[in-house]
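Novice:
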Amino acid sequence: DTAVSQTPKYLVTQMGNDKSIKCEQNLGHDTMYWYKQDSKKFLKIMFSYNNKELIINETVPNRFSPKSPDKAHLNLHINSLELGDSAVYFCASSQPSGSSYNEQFFGPGTRLTVL
Amino acid sequence: QKEVEQDPGPLSVPEGAIVSLNCTYSNSAFQYFMWYRQYSRKGPELLMYTYSSGNKEDGRFTAQVDKSSKYISLFIRDSQPSDSATYLCAMSSLYGGSQGNLIFGKGTKLSVKP
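In the order they appear, the protein sequences are chains S and Y. Under the numbering used here, the first sequence has 80 at position 40, and the numbering climbs by one with no breaks. Under the numbering used here, the second sequence has 212 at position 10, and the numbering climbs by one with no breaks.
#1: Drop a sphere of 10 angstroms on the beta-carbon of Glu205 of chain Y, count the other beta-carbons inside from all chains shown, and report buried for 16 or more, exposed for fewer.
#2: For a contact defined as C-beta to C-beta under 9 angstroms, what are the partners of Lys258 of chain Y on chain S?
#3: Roughly how many angstroms lie between the CA atoms of Gln77 of chain S and Ser222 of chain Y, to the nearest whole one?
#4: Return no unless some Cβ of chain Y is closer than 7 angstroms to the Cβ of Gly147 of chain S.
#5: Residue range of the beta strand (DSSP E) that Ile85 of chain S falls in?
#6: Along the chain, where does the beta strand (DSSP E) that runs through Thr99 of chain S open and close?
#7: Assess contact between the segment 145-153 of chain S and the segment 57-66 of chain S, defined as three or more Cβ pairs (one per stretch) separated by less than 8 angstroms. Is contact present?
#8: Leu83 of chain S CB to nearest chain Y CB: under 7 angstroms?
#9: Pick from Y:Glu217, Y:Asn224, Y:Pro216: whose alpha carbon is nearest that of Val267 of chain Y?
#10: Evaluate Gln19 of chain S with the Cβ neighbour count: other Cβ atoms within 10 Å of its Cβ, from every protein chain shown; 16 or more gives buried, anything less gives exposed.
#11: Comparing the C-beta of Phe306 of chain Y with each C-beta of chain S, is any distance below 7 angstroms?
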C-alpha cells in the first residue's frame with residue numbers, strides 16, 4: 041500500500057505552459073510538504089501545509105501555487121513554466137513537529153522536464 | 203557559507219568496508235539530525251535520527267552528532283552492495299519559525315562494489 045503517492049511520475053512540457061502535480065498520503069498525517077531536487081541532487085523545501093493551512097513558503101516564485109483541498113492531498117500548480125523549473129519534485133508528509141521531530145515520509149517524486 | 207555542507211562524492215568502496223559519511227553545519231539552533239537514504243529514482247527514506255549530541259546505533263549503522271564542532275557522521279559497518287545509494291544529511295531546529303523545516307545537505311553518492 042503506497043503511503044505517499046504522486047502523479048504523474050514523469051512530466052515533459054514546453055516553456056510557458058501551466059502544469060499540475062498531485063500528491064496524496066494515506067498515513068493520516070496533518071502536515072504535507074513540497075520539495076524540489078535539482079540536477080545536483082540538492083533537496084530544498086518549497087512549501088509546507090498543516091491541516092490545509094500554509095505554514096512554510098520559502099522563496100519560491102509566485103508562479104508556484106500549492107493547493108490543499110483536504111488533509112490528505114497537496115497539489116502543486118506551476119504557471120508559465122521555465123527551463124529552470126526542470127527538477128524532481130517530491131511530496132512528503134509527517135505529523136506536526138510540535139516539541140519533537142516527526143519523520144517525513146517522501147513520495148516517489150515527479151520528474152519535470154521543461155523544453 | 204551554506205547552512206549544511208556535505209561532500210557529494212562519489213564514494214566507491216569494496217564490499218565489507220567501513221564507510222564514513224559526514225556533514226558540517228553553521229546554524230547552532232539545529233537540534234534534530236537525520237540521515238536519509240535515497241536510491242536512484244526514488245524518494246528519500248529516513249535511515250537514522252538523533253536528537254542533540256551523542257551516538258545512536260542501529261544494526262550496521264551508527265550516527266554521531268558533535269554539536270560543539272557542528273559536525274555529524276554516519277558510519278556503515280560491513281557495507282553491502284545494497285547500501286549503494288545517495289545519503290543525505292538533514293537538520294532542523296525546534297524553534298526559529300517553521301515546523302518541520304528540514305535543511306538538507308547535497309547528499310553523498312555511495313557505491314559499494316561486490
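Every residue gets a Cβ at the ideal spot worked out from N, C-alpha and C, and that includes glycine.
Specialist: Working from what's here:
#1: Translated into the one-based positions of the second sequence, residue 205 of chain Y becomes position 3. Counting Cβ neighbours within 10 Å, Glu205 of chain Y comes out exposed, since fewer than 16 surround it.
#2: One-based indexing of the second sequence puts residue 258 of chain Y at position 56. Here the premise fails: no neighbours, minimum Cβ distance about 13 angstroms.
#3: Numbered from its first residue, the first sequence carries residue 77 of chain S at position 37. Numbered from its first residue, the second sequence carries residue 222 of chain Y at position 20. If you take the alpha carbons of Gln77 of chain S and Ser222 of chain Y, they lie about 24 angstroms apart.
#4: Within the first sequence, numbered from 1, the residue matching residue 147 of chain S stands at position 107. Interface residue, yes.
#5: Stepping through the first sequence from its first residue, residue 85 of chain S is reached at position 45. Segment 83-90, the beta strand (DSSP E) holding Ile85 of chain S.
#6: Taking the first residue of the first sequence as position 1, residue 99 of chain S is located at position 59. Segment: none, Thr99 of chain S is in no beta strand (DSSP E) and carries neither H nor E.
#7: yes
#8: In the first sequence, the residue the question calls residue 83 of chain S occupies position 43. So, interface residue.
#9: Here residue 267 of chain Y refers to the residue found at position 65 when the second sequence is read from its first residue. Out of Y:Glu217, Y:Asn224, Y:Pro216, Y:Asn224 has the C-alpha closest to the C-alpha of Val267 of chain Y.
#10: There is no way to answer for residue 19 of chain S, as the model of chain S reaches only from 41 to 155.
#11: One-based indexing of the second sequence puts residue 306 of chain Y at position 104. Interface residue, yes.
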